[in-house]
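Undergrad: Quick note, the working numbering runs 609 ahead of the 1-based positions in the sequence shown.
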Amino acid sequence: MRRAAPRTNAVSGGNDADPVAASAAAAPAGQRLRTEFNFELPRGFVDESGAVHRDGTMRLATARDELIPLRDMRVQENPAYLSVVLLGRVITRLGTLPMVHDGVVENMFASDLAFLQDFYRQVNAEGNTRAGVTCPHCEQAFEVELGGSRLGES
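#1: Could you have a look at ARG680 and say whether DSSP puts it in helix, strand or coil?
#2: What number of angstroms, rounded off, separates the C-alpha of PHE751 from the C-alpha of ASP727?
#3: So for GLU686, helix, strand or coil by DSSP?
#4: What does the alpha-carbon distance come out to for the pair GLU715 and ALA672?
#5: Once the 5 residues before and after VAL732 are set aside, which same chain residues still bring their CB inside 8 Å of it?
#6: Would you mind stating whether VAL684 and LEU691 have Cβ atoms separated by less than 7 Å?
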């Protein structure tokens, strides 16, 4: 059963064909949902020509993104492969690569894969890329940006 939003016949000058665009245009700038997050891989993906790709963009996952990989035979045979397929769906840009897919993700260094898995959890659960941490030496609490830091930097 599908629910339909009630339509109004008032002339609004908005885009009636795209209710998402219309509601986004009507929303105050401070209340728009952020759906894409930039990141920088700790090591970087090395392509066939030897070029290193570190900067990328990940979008928020949809329910479909999380359900479709469950039908993939690789995931059914090895559930650990789920994150590879899922990340291949939500990473929209990586360096100058023309396309990002699960084949790219499965050839990443383990440290980059772990970074992306944590980054995915952070943006999809929290909606941001900041994490609260505590300095092990002085016990001072502060926030760090997960998306742009390299190993050893804070």
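Where a beta carbon is used, it is the ideal one built from N, C-alpha and C, also for glycine.
TA: Result, derived from the coordinates:
#1: As a working mapping, residue 680 is identified with position 71 in the sequence shown. Helix.
#2: As a first step, residue 751 is located in the sequence shown; it is residue number 142 there, counting from the start. As a first step, residue 727 is located in the sequence shown; it is residue number 118 there, counting from the start. Near 19 Å, if we compare the C-alpha coordinates of ASP727 and PHE751.
#3: Translated into the one-based positions of the sequence shown, residue 686 becomes position 77. Reduced to three states, the DSSP call for GLU686 is helix.
#4: The residue given as residue 715 occupies position 106 in the sequence shown. The residue given as residue 672 occupies position 63 in the sequence shown. Approximately 22 Å, taken between the alpha carbons.
#5: Position 123 of the sequence shown, counted from the start, is the residue given in the question as residue 732. PHE646, MET667, LEU669, THR738.
#6: In the sequence shown, residue 684 corresponds to position 75, counting from 1. In the sequence shown, residue 691 corresponds to position 82, counting from 1. Cβ atoms of VAL684 and LEU691: closer than 7 Å.
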